[in-house]
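Trainee:
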């Protein structure tokens, strides 16, 4: 299914809304390509100074579509993949990126936030990085960025156990900037986006670049290592068991591995 992103520019802010609530805004190659295209256009458009991300429905993003990930993701290798193109766009995106999160932020729906400059999460948001539970590995540069923001202990808890965690834990982990009351995340995010859009764009872009440049080489190395590990995991029997269990609506059984 072709992904839907609703976009509108107001007060120099491009508001991108993930628009497939029936699918909980699941990610796949087409989703990665669509978001990358929107960000590329926004970065080149002088009428856009800030990008605001949010989602329709009861979930921000429930992560990768497991029914398509085994045979679709990285089909031509990581370097040529839609995921790699999106990640390179995110790591080089020159304008402020603000996100409003609610409901569920699973897998890539959480790790995407590590590339945002400001993230506002509703109190009841549930986060999860269930990679190990699915026979997969961390992505979106999270193997580097999450320990950097959360510290190794909390990052290990979040990634290795893969259990759900709440918005307050996400705040401690540096995934979010502020936890808001239910229904107010988007209003807070919009307020920040519009405040940023009123500032001089060149100094804001320079400041963002300077804040991130010290980690740029390490992040690129992490992305390459993740791509290699992800390529291997997509061919693994552990993932095959996780996908089969998902389709059969049961817990995966990794006892034989």
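Residue numbers (this note's numbering): 1 to 257.
Note that CB positions come from ideal geometry on N, CA and C, so glycine has one too.
1) Give me the Cα-Cα distance between residue 144 and residue 244, rounded to the nearest whole angstrom.
2) Please state whether the Cβ-Cβ distance between residue 139 and residue 89 is less than 7 angstroms.
3) Determine whether the beta carbon atoms of residue 63 and residue 109 lie at a separation below 7 angstroms.
4) Where does residue 25 land, buried or exposed, given buried means 16+ other C-beta within 10 angstroms?
5) From which residue to which residue does the alpha helix (DSSP H) around residue 106 run?
6) Report yes if the C-beta distance between residue 100 and residue 54 is below 7 angstroms; otherwise report no.
7) List the endpoints of the continuous beta strand (DSSP E) containing residue 177.
8) Which first and last residues belong to the beta strand (DSSP E) in which residue 336 is found?
9) Just the C-alpha distance for residue 97 and residue 232, rounded to the nearest angstrom, thanks.
10) Report yes if the C-beta distance between residue 135 and residue 236 is below 7 angstroms; otherwise report no.
11) Given this structure, state the Cα-to-Cα distance separating residue 92 from residue 44, to the nearest angstrom.
12) Would you report the Cα separation of residue 185 and residue 170, rounded to the nearest angstrom?
13) Along the chain, where does the alpha helix (DSSP H) that runs through residue 204 open and close?
14) On the DSSP bridge list, what partners appear for residue 120?
Mentor: Answer, in terms of the structure:
1) Put simply, the backbone Cα of residue 144 is about 30 angstroms away from that of residue 244.
2) The beta carbons of residue 139 and residue 89 sit no closer together than 7 angstroms.
3) Going by C-beta atoms, residue 63 is nearer than 7 angstroms to residue 109.
4) If you draw a 10 Å sphere on the C-beta of residue 25, you find 16 or more other C-beta atoms in it, and that means buried.
5) Counting along the chain, residue 106 falls outside any alpha helix (DSSP H), though it belongs to the beta strand (DSSP E) covering 104 to 106.
6) Against a cut-off of 7 angstroms, the Cβ pair of residue 54 and residue 100 comes out as a contact.
7) Looking at the DSSP string, residue 177 is not in any beta strand (DSSP E), and its letter there is neither H nor E.
8) Since the first and last residues shown for the chain are 1 and 257, residue 336 lies out of range.
9) Going from the Cα of residue 97 to the Cα of residue 232 covers about 31 angstroms.
10) In this structure, residue 135 sits near residue 236, with a CB-CB distance shorter than 7 angstroms.
11) Cα-Cα distance, rounded: 12 angstroms.
12) Spanning the two alpha carbons is a distance of roughly 14 angstroms.
13) Looking at the DSSP string, the run of the alpha helix (DSSP H) that includes residue 204 is 201 to 213.
14) In DSSP, residue 120 forms a bridge with 100, 178.
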